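What follows is a set of notes on a single structure, which appears directly below.
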Amino acid sequence: MPLIEAKDLVKEFRRVRPKTGAFSTVRTLFSRDFEVTRAVDGVGFAVEAGELVGYLGPNGAGKSTTIKMLTGILTPTSGTVEVAGVVPWRQRERNARNIGVVFGQRSQLWWDLPLRDSFRMIGRLYRVAPARYAQNLDRFVEVLGLASFLDTPVRQLSLGQRMRGDLAAAMLYEPPILYLDEPTVGLDVIAKERIREFVAGLNAEQGTTVLLTTHDMDDVERLCRRLVLIDHGRVLYDGPVAPLKEKYAPHRELVVQLASPAEVVVPNADVVRAEEGRVWLSFDPRTTPAASLIAEVSAKYEVTDLSLVEPDLEGVIRRMYLEREG
Ligand SMILES: Nc1ncnc2c1ncn2[C@@H]1O[C@H](COP(=O)(O)OP(=O)(O)O)[C@@H](O)[C@H]1O
Ligand SMILES: [Mg+2]
Numbered sequence: 001m002p003l004i005e006a007k008d009l010v011k012e013f014r015r016v017r018p019k020t021g022a023f024s025t026v027r028t029l030f031s032r033d034f035e036v037t038r039a040v041d042g043v044g045f046a047v048e049a050g051e052l053v054g055y056l057g058p059n060g061a062g063k064s065t066t067i068k069m070l071t072g073i074l075t076p077t078s079g080t081v082e083v084a085g086v087v088p089w090r091q092r093e094r095n096a097r098n099i100g101v102v103f104g105q106r107s108q109l110w111w112d113l114p115l116r117d118s119f120r121m122i123g124r125l126y127r128v129a130p131a132r133y134a135q136n137l138d139r140f141v142e143v144l145g146l147a148s149f150l151d152t153p154v155r156q157l158s159l160g161q162r163m164r165g166d167l168a169a170a171m172l173y174e175p176p177i178l179y180l181d182e183p184t185v186g187l188d189v190i191a192k193e194r195i196r197e198f199v200a201g202l203n204a205e206q207g208t209t210v211l212l213t214t215h216d217m218d219d220v221e222r223l224c225r226r227l228v229l230i231d232h233g234r235v236l237y238d239g240p241v242a243p244l245k246e247k248y249a250p251h252r253e254l255v256v257q258l259a260s261p262a263e264v265v266v267p268n269a270d271v272v273r274a275e276e277g278r279v280w281l282s283f284d285p286r287t288t289p290a291a292s293l294i295a296e297v298s299a300k301y302e303v304t305d306l307s308l309v310e311p312d313l314e315g316v317i318r319r320m321y322l323e324r325e326g
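Taking full-length UniProt numbering, I'd label the letters of the sequence shown as residues 1 to 326.
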């Protein structure tokens, strides 16, 4: 049985429509007085224990709303969710023990307390055995580099420091599941890398199941073996990264450095750029293996260096969304 399973998940938000008529205040509220947003529109997926899944989509696609239903913060309009055998919004406390949550936009930590005290309170709240607690804290301080600001009130931390603190807090009680909603947004490269390393380590060593929402394609390339792509509250793609690249960006580039500038002409590849003896060749690896193209070019020209360029994921995903929009 999957660890996380969502079926036909729908979430509508209703808001009272701003009143326009002069007498509207005395009217009862009919359905036309509400504005309905269908944030999640029939999402379904299943995540097995130990997976690390990227849950991606444009702004407003319904990612955060989905995660809020998985955590039990929101109750769906319709559809079902089971997380480790628990319906999150029905048994919020039981569900909370199974999950760690980090929302990039909002800290779960006590604003006025030093990080160390927030951790202690979480440890007590979740009744983590003292030895276990000390061991986990030591490890997180080390891996996330928390030592220099453990005694600083959360309100004084930088965004990157706070985010690392949030991550540690989410994992102190060793939940088997971790939800990350934009954990690297606004962070510098070093903080991002620390967070990626930490998440990769949790997944590899502890077997933590991770659902990650992010706009950072480096996060995805580094961490996710599987992607669930959504738009307008619906799943557009669910599967590994490679076939997506194959479908939406089938071409690869071979970059060759020639001993002296020359006009390169080879069958099965197009020159897309040339600059002082450096030539970019685009080819389709489904019909032309890279090795045979390299052999061909090296036989005809004096090649001093070469490299293969994979399509970048950001471009692939953009192309997919563009194509779907028609
Ligand atoms: N509490 C709310 N009330 C009304 N509309 C909301 C609420 N939360 C989200 N929405 C709307 O639902 C849609 C999906 O939002 P969200 O799940 O936050 O998207 P994402 O996280 O993918 O950017 C958006 O159109 C958003 O404006
Ligand atoms: Mg969001």
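Glycine included, C-beta positions come from ideal geometry on N, C-alpha and C. What you are looking at is a predicted structure, and each value in this text was computed from that prediction instead of being measured.
Residue selection by CB proximity (closer than 5 Å to any heavy atom of ligand 1) returns F13, T37, A39, N59, G60, A61, G62, K63, S64, T65 in chain order. Between the region 154-173 and the region 104-120 there are three or more C-beta pairs closer than 8 Å, enough to call the two in contact. Of the candidates W280, P240, A242, R273, W280 places its Cα closest to the Cα of V256. Between M320 and L227 a beta carbon distance of about 10 Å is seen, past the 8 Å cut, so the two are scored as non-contacting. The region 198-254 contains, as complete beta strand (DSSP E) runs of 3+ residues, the segments 209-213, 226-231, 234-240 (chain order).
When secondary structure is reduced to three states using DSSP, E35 falls in the strand class. In the assembly as shown, I190 is an exposed residue. Its beta-carbon has fewer than 16 other beta-carbons within 10 Å. For D219, the CB stays at least 7 Å from every heavy atom of ligand 2. When the alpha-carbon of D231 is set against those of R278, E35, E323, L137, the nearest one is in E323. When C-alpha distances from E51 are compared across R120, L229, L3, the shortest belongs to L3. One Cα belongs to V309, the other to F45, and the distance between them is close to 32 Å. For secondary structure counted as the alpha helix (DSSP H) over 4 or more consecutive residues, the region 152-202 holds these complete runs in sequence order: 159-171, 189-201. Across the set L70, L74, E142, the C-alpha of L70 shows the shortest separation from the C-alpha of V83.
When secondary structure is reduced to three states using DSSP, D312 falls in the coil class, being assigned neither helix nor strand. Excluding five sequence positions before and after E35, the CB atoms of its chain that fall closer than 6 Å to its own CB belong to R15, R17, given in chain order. Note that the C-beta distance between V43 and A6 is below 8 Å. An exposed status is given to V265, since fewer than 16 other beta-carbon atoms sit within 10 Å of its beta-carbon. Counting along the chain, the unbroken alpha helix (DSSP H) around A96 starts and ends at 92-98. Looking at the backbone, the Cα of D305 and that of S282 are separated by about 17 Å. Within 7 Å of the C-beta of E182 there is at least one heavy atom belonging to ligand 2. Counting only runs of at least 4 residues, the region 273-313 fully encloses the following alpha helix (DSSP H) elements, listed from N- to C-terminal order: 290-300.
Here I4 is bridged, per DSSP, to V47, V83. Taking 8 Å as the upper bound for CB-CB distance, T209 and A49 are in contact here, some 5 Å apart. Beyond the five residues adjoining it in sequence on each side, L180 comes within less than 6 Å, by CB distance, of V102, L212 in the same chain, given in chain order. Contact between V220 and L56 holds, with the beta-carbon distance rounding to 7 Å and staying under 8 Å. The three-state secondary structure of L258, taken from DSSP, is strand.
P114 has P153 as its beta-bridge partners, per DSSP.
Membership of Y133 in the alpha helix (DSSP H) is indicated by the continuous run 130-144. Shown here for K11: same chain residues with a beta carbon closer than 7 Å to its own, the five before and five after excluded, namely A39, V40, T65, M69, L74, P76, T77 in chain order.
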